[in-house]
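2 protein chains.
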Amino acid sequence: MAFYIQKYGGTSVGSTERIKNVARRVAKFHAKGHQLVIVVSAMSGRTNRLISLAKEVQDNPDPRELDVMLSTGEQISIALLSMALIELNVKARSYTGSQVRILTDSTHSKARILEVDENKIRADLDAGYVVVVAGFQGVDAAGNITTLGRGGSDTTGVALAAALKADECQIYTDVDGIYTTDPRIVPEARRLETITFEEMLEMASLGSKILQLRSVEFAGKYKVKLRVLSSFEEDGNGTLITYEENEKMEQAVISGIAFNRDEAKITVLGVPDHPGIAYQILGPIADANIDVDMIIQNVGHDGLTDFSFTVHRREYSNAMQILKDKIQGHIGARNIVGGDKITKVSIVGVGMRSHAGIASKMFRVLAEEGINIQMIATSEIKVSVVVDEKHMELAVRVLHKAFDLD
Amino acid sequence: MAFYIQKYGGTSVGSTERIKNVARRVAKFHAKGHQLVIVVSAMSGRTNRLISLAKEVQDNPDPRELDVMLSTGEQISIALLSMALIELNVKARSYTGSQVRILTDSTHSKARILEVDENKIRADLDAGYVVVVAGFQGVDAAGNITTLGRGGSDTTGVALAAALKADECQIYTDVDGIYTTDPRIVPEARRLETITFEEMLEMASLGSKILQLRSVEFAGKYKVKLRVLSSFEEDGNGTLITYEENEKMEQAVISGIAFNRDEAKITVLGVPDHPGIAYQILGPIADANIDVDMIIQNVGHDGLTDFSFTVHRREYSNAMQILKDKIQGHIGARNIVGGDKITKVSIVGVGMRSHAGIASKMFRVLAEEGINIQMIATSEIKVSVVVDEKHMELAVRVLHKAFDLD
Numbered sequence: 001m002a003f004y005i006q007k008y009g010g011t012s013v014g015s016t017e018r019i020k021n022v023a024r025r026v027a028k029f030h031a032k033g034h035q036l037v038i039v040v041s042a043m044s045g046r047t048n049r050l051i052s053l054a055k056e057v058q059d060n061p062d063p064r065e066l067d068v069m070l071s072t073g074e075q076i077s078i079a080l081l082s083m084a085l086i087e088l089n090v091k092a093r094s095y096t097g098s099q100v101r102i103l104t105d106s107t108h109s110k111a112r113i114l115e116v117d118e119n120k121i122r123a124d125l126d127a128g129y130v131v132v133v134a135g136f137q138g139v140d141a142a143g144n145i146t147t148l149g150r151g152g153s154d155t156t157g158v159a160l161a162a163a164l165k166a167d168e169c170q171i172y173t174d175v176d177g178i179y180t181t182d183p184r185i186v187p188e189a190r191r192l193e194t195i196t197f198e199e200m201l202e203m204a205s206l207g208s209k210i211l212q213l214r215s216v217e218f219a220g221k222y223k224v225k226l227r228v229l230s231s232f233e234e235d236g237n238g239t240l241i242t243y244e245e246n247e248k249m250e251q252a253v254i255s256g257i258a259f260n261r262d263e264a265k266i267t268v269l270g271v272p273d274h275p276g277i278a279y280q281i282l283g284p285i286a287d288a289n290i291d292v293d294m295i296i297q298n299v300g301h302d303g304l305t306d307f308s309f310t311v312h313r314r315e316y317s318n319a320m321q322i323l324k325d326k327i328q329g330h331i332g333a334r335n336i337v338g339g340d341k342i343t344k345v346s347i348v349g350v351g352m353r354s355h356a357g358i359a360s361k362m363f364r365v366l367a368e369e370g371i372n373i374q375m376i377a378t379s380e381i382k383v384s385v386v387v388d389e390k391h392m393e394l395a396v397r398v399l400h401k402a403f404d405l406d
Numbered sequence: 001m002a003f004y005i006q007k008y009g010g011t012s013v014g015s016t017e018r019i020k021n022v023a024r025r026v027a028k029f030h031a032k033g034h035q036l037v038i039v040v041s042a043m044s045g046r047t048n049r050l051i052s053l054a055k056e057v058q059d060n061p062d063p064r065e066l067d068v069m070l071s072t073g074e075q076i077s078i079a080l081l082s083m084a085l086i087e088l089n090v091k092a093r094s095y096t097g098s099q100v101r102i103l104t105d106s107t108h109s110k111a112r113i114l115e116v117d118e119n120k121i122r123a124d125l126d127a128g129y130v131v132v133v134a135g136f137q138g139v140d141a142a143g144n145i146t147t148l149g150r151g152g153s154d155t156t157g158v159a160l161a162a163a164l165k166a167d168e169c170q171i172y173t174d175v176d177g178i179y180t181t182d183p184r185i186v187p188e189a190r191r192l193e194t195i196t197f198e199e200m201l202e203m204a205s206l207g208s209k210i211l212q213l214r215s216v217e218f219a220g221k222y223k224v225k226l227r228v229l230s231s232f233e234e235d236g237n238g239t240l241i242t243y244e245e246n247e248k249m250e251q252a253v254i255s256g257i258a259f260n261r262d263e264a265k266i267t268v269l270g271v272p273d274h275p276g277i278a279y280q281i282l283g284p285i286a287d288a289n290i291d292v293d294m295i296i297q298n299v300g301h302d303g304l305t306d307f308s309f310t311v312h313r314r315e316y317s318n319a320m321q322i323l324k325d326k327i328q329g330h331i332g333a334r335n336i337v338g339g340d341k342i343t344k345v346s347i348v349g350v351g352m353r354s355h356a357g358i359a360s361k362m363f364r365v366l367a368e369e370g371i372n373i374q375m376i377a378t379s380e381i382k383v384s385v386v387v388d389e390k391h392m393e394l395a396v397r398v399l400h401k402a403f404d405l406d
């Protein structure tokens with residue numbers, strides 16, 4: 001008998017038939033005597049439809065009101081899943097984020113969870129209920145509805161697992177685990193039994209898209225055991241995300257190849273090479289709530305340097321505008337250039353810490369295929385390169401083979 | 001400068017275009033310096049779609065969970081209307097029933113409002129906001145989401161008008177006022193400038209469908225001035241519902257002809273004519289939450305009597321089942337008969353109090369057309385008859401003419 005938080009994503013609850021399938025799966029776990037809190041996302045497509053509806057009214061929907069709208073997506077899912085469970089004679093009860101209450105800060109559309117009230121859930125679990133909680137949403141101290149941003153349902157799951165001290169937080173999705181890379185690009189990709197939090201963090205932020213970055217950070221911080229599983233397969237252990245290296249059984253130096261097609265690069269050319277310049281450039285970008293991924297600044301010469309960074313592709317024109325309007329003249333930069341036809345490809349693995357020459361092997365493999373590297377950034381357990389987007393698939397395939405992941 | 005509660009129904013907010021129209025109308029009122037609280041329903045069709053979705057999961061959706069789902073309909077409307085107002089540079093803020101907080105009892109799908117918290121709304125009005133409140137919904141003392149039942153948005157409007165002491169509660173709908181009868185049946189039907197609460201109460205319960213019965217009762221109890229207006233016309237005074245007879249300017253004895261096609265009749269034949277029999281029959285019906293409309297029991301003979309009542313057509317088979325299973329044997333009734341091919345037609349008017357012979361004139365007019373009367377019930381200001389549904393239109397037309405309403 002264990003206590004699980006199970007999170008089912010939008011695809012897993014994409015239709016009433018699928019919701020009934022989830023209910024049957026949950027009912028089986030419940031019949032075994034496990035205590036269960038189920039976190040669900042909005043039915044797939046619903047959030048996008050709500051956003052479209054909002055945009056018919058306002059090009060830039062008011063953030064507070066948009067959250068009021070978007071939170072209805074999960075609200076429908078929790079009600080339907082609870083009904084499906086009750087139909088199977090399983091006692092079930094749903095809660096919205098504000099009913100639980102999942103207290104967040106007031107940053108609409110990107111709120112951070114501050115606190116989870118466990119009283120109602122505990123009481124229901126003790127009374128034999130399966131508790132169904134809306135993912136992705138919360139409420140601020142003033143009672144306003146907030147949302148956690150895309151993928152926030154994973155974060156809800158982890159936050160509940162941490163607050164309630166669950167044995168495991170199981171993320172059910174449409175894949176059966178974490179792979180060495182995307183199997184659609186490399187058919188030889190393998191499922192990993194385990195992956196470390198650090199590797200997962202790099203994989204997630206680099207676009208493996210299975211788990212939301214923040215939920216992995218959160219899980220690591222509170223030592224929540226996270227497991228990624230398929231909601232469409234009956235059995236299967238998925239991939240367990242561990243936080244101790246010695247739990248790791250894989251011996252490969254590199255655990256996986258990640259890639260991200262959603263980025264755009266921006267370079268500020270010829271900026272005075274003095275302290276504070278990075279802040280002067282990125283401050284206004286951060287103020288506009290634009291997330292920056294890679295940041296590269298090389299050694300300068302003649303008192304000038306070039307400063308590059310990448311942003312999400314949809315923020316590209318916005319970021320360019322801000323740089324041209326507010327920053328270029330202010331800091332006396334020579335020019336601002338950029339492009340959104342790029343892809344970031346990364347190799348990730350805790351093993352590379354103790355293996356020299358991993359990065360140079362990566363660069364050699366790419367060079368042998370004639371793939372030009374535009375930018376490079378490294379951390380202790382990953383090496384990322386930016387290449388032309390037309391080279392992405394080739395780069396992923398040759399790296400997957402070269403690092404013995406096939 | 002006045003303080004209005006304005007309620008816009010599902011048709012008025014049926015598309016984003018219509019929501020923008022409502023916003024323009026509200027913005028005009030706001031520009032004149034009026035204080036405004038806007039109550040909105042779900043976009044037309046949305047509630048029915050949600051019910052269908054729920055029924056794909058459970059034939060009889062769990063009432064608590066169904067309310068969680070249904071309440072999302074208005075939640076989307078309040079967000080969209082607030083966005084549309086903000087787009088017009090009108091400060092606006094939305095509230096769900098539970099945010100306001102509209103405290104109700106715990107009868108899911110038919111909850112009654114107990115209390116309205118006016119603090120947030122007052123503070124927002126004082127700060128120059130238009131406050132947009134979700135109709136039809138509330139929250140019980142334990143924090144569960146409740147709904148007030150179909151048409152409950154009117155009740156929300158009246159409850160807010162009563163709690164906040166608004167000057168008028170304006171119900172915007174797709175008709176421009178209350179008519180002497182349905183203009184689709186009788187083209188000569190006229191709009192009434194005013195109608196008394198009592199008459200309106202009879203008209204509403206008899207199926208004029210413009211205002212929900214409970215909202216009219218509620219308005220009468222708290223002396224809230226109610227006005228029915230069209231949301232599609234620029235000007236027009238609609239119909240004011242007054243609570244003093246001397247405010248009434250119409251001189252006709254009869255104010256209108258109402259009808260209801262949604263009823264079914266049930267007769268319990270040959271029941272022992274002793275005290276308590278009505279309760280023994282209707283108790284189990286009420287326990288099953290089935291609303292009963294007309295109740296008729298004639299003078300008995302030989303110690304036996306027949307007991308008849310009408311219910312909503314969709315409750316007909318359910319009610320018949322309960323009577324046969326639980327009541328017939330228990331009270332020793334000879335038989336239970338019924339039919340759902342009936343219509344109730346009523347003449348309504350405070351004027352009939354002081355005019356003799358109104359009922360007999362009604363019966364004569366119907367007899368002249370060969371329309372058989374199956375049941376009769378009367379109150380001080382109305383006479384209702386049940387006729388075969390095929391005679392409904394003819395009955396309404398001839399009565400409208402006979403009572404000089406054309």
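These protein sequence lines are chains A and B, in that order.
Here our numbering is used: the first residue of the first sequence is 1, the next is one more, and so on.
Here our numbering is used: the first residue of the second sequence is 1, the next is one more, and so on.
No residue lacks a Cβ here, since even glycine has one placed at the ideal position from N, Cα and C.
Just so it is clear, the structure is predicted and the values come from calculations on it, not from any experiment.
Please report the distance separating the alpha-carbon of residue i from that of residue j.
| i | j | result |
| --- | --- | --- |
| V224(B) | Y8(B) | 17 Å |
| D287(A) | D174(B) | 46 Å |
| T305(A) | G270(A) | 5 Å |
| V158(A) | M203(A) | 18 Å |
| L148(A) | Q212(A) | 11 Å |
| V387(A) | V345(A) | 7 Å |
| E65(A) | L80(B) | 7 Å |
| Y172(B) | D340(B) | 33 Å |
| N144(B) | S106(B) | 8 Å |
| K248(B) | T96(B) | Note on K248(B): pLDDT 44, under 50, position unreliable in the model; the coordinate value appears next. Those two C-alpha atoms are separated by around 37 Å. |
| L229(A) | H34(A) | 17 Å |
| D291(B) | T47(A) | 38 Å |
| I336(B) | K390(B) | 24 Å |
| K326(B) | L114(A) | 54 Å |
| A189(B) | V116(A) | 59 Å |
| V311(A) | V385(A) | 14 Å |
| L164(B) | D235(B) | 26 Å |
| M392(B) | T343(B) | 6 Å |
| D176(A) | I5(B) | 53 Å |
So the beta strand (DSSP E) residue i belongs to, where does it begin and stop?
| i | result |
| --- | --- |
| M375(B) | 375-379 |
| S317(A) | Careful: S317(A) lies outside any beta strand (DSSP E), inside the alpha helix (DSSP H) at 316-322. |
| A134(A) | 130-134 |
| I285(B) | Here I285(B) belongs to no beta strand (DSSP E); instead the alpha helix (DSSP H) covers 277-287. |
Below 8 Å on the Cβ atoms is my guess for residue i versus residue j; work out the distance and round it to an integer in Å.
| i | j | result |
| --- | --- | --- |
| T194(B) | T239(B) | 7 Å |
| V111(A) | G138(A) | Reading off the sequence, residue 111(A) comes out as Ala, not Val. Contact flag correct, Cβ pair sits at about 6 Å. |
| A319(B) | I285(B) | 6 Å |
| D124(A) | V133(A) | In fact, because the Cβ distance is near 10 Å, the residues do not count as touching under 8 Å. |
| A264(B) | V348(B) | Not quite, the Cβ-Cβ distance comes to about 22 Å (not below 8 Å), so this is no contact. |
| M375(A) | A54(B) | Contact doesn't hold; Cβ gap of about 51 Å is too wide. |
| T242(A) | T196(A) | 6 Å |
Report the partner residues of residue i according to the DSSP bridge assignment.
| i | result |
| --- | --- |
| V175(A) | V175(A) is not bridged to any residue. |
| Q35(B) | F3(B) |
| V299(A) | Bridge partners of V299(A): none, in fact. |
| N335(A) | L269(A) |
| K344(B) | N260(B), V386(B) |
May I ask which residues mark the beginning and end of the alpha helix (DSSP H) holding residue i?
| i | result |
| --- | --- |
| N260(B) | Per DSSP, N260(B) belongs to no alpha helix (DSSP H); it is in the beta strand (DSSP E), 256-260. |
| G157(B) | 152-164 |
| E65(B) | 63-87 |
Quick one: any contact between the stretch 49-68 of chain B and the stretch 13-32 of chain B, if contact means 3 or more CB pairs under 8 Å? no
Determine, using beta-carbon pairs with one atom in the stretch 111-125 of chain A and one in the stretch 92-102 of chain A, whether at least three such pairs fall under 8 Å. yes
Count the CB pairs spanning the stretch 33-40 of chain B and the stretch 37-47 of chain A that are closer than 8 Å, and state whether there are at least three. no
Would you say the stretch 366-385 of chain A touches the stretch 1-19 of chain B, given that touching needs at least three Cβ pairs under 8 Å? no
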